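> Residue numbers (my numbering): 10 to 57.
Glycine is no exception: its CB is placed at the ideal position from the N, C-alpha and C atoms.
Just so we're clear, the structure is a prediction, and the values are computed from it rather than from any experiment.
Below: one structure in structure tokens.
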């Protein structure tokens with residue numbers, strides 16, 4: 010029973026987070042670094 014609760018909670022968290030990330034990305038399209046990076050970074054360098 011306890012393992013089922015943990016598994017359900019884990020699955021819920023993954024589903025909820027991915028859904029909220031998609032909603033956030035769609036509401037903020039064009040304003041995030043991943044969307045405007047190519048305007049400011051020259052060349053193929055991948056700096057981290």
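Please report how far the alpha carbon of residue 29 lies from the alpha carbon of residue 23, in whole angstroms.
Here residue 29 is taken as the residue at index 20 of the chain shown, counted from 1. Here residue 23 is taken as the residue at index 14 of the chain shown, counted from 1. Their backbone Cα atoms lie some 10 Å apart in a straight line.
> Going straight from the alpha carbon of residue 45 to that of residue 34, what length do you get?
Position 36 of the chain shown holds residue 45. Position 25 of the chain shown holds residue 34. If you take the alpha carbons of residue 45 and residue 34, they lie about 13 Å apart.
> For the alpha helix (DSSP H) containing residue 29, name the first residue and the last one.
Along the chain shown, one-based indexing puts residue 29 at 20. From DSSP, the alpha helix (DSSP H) with residue 29 extends over 11-36.
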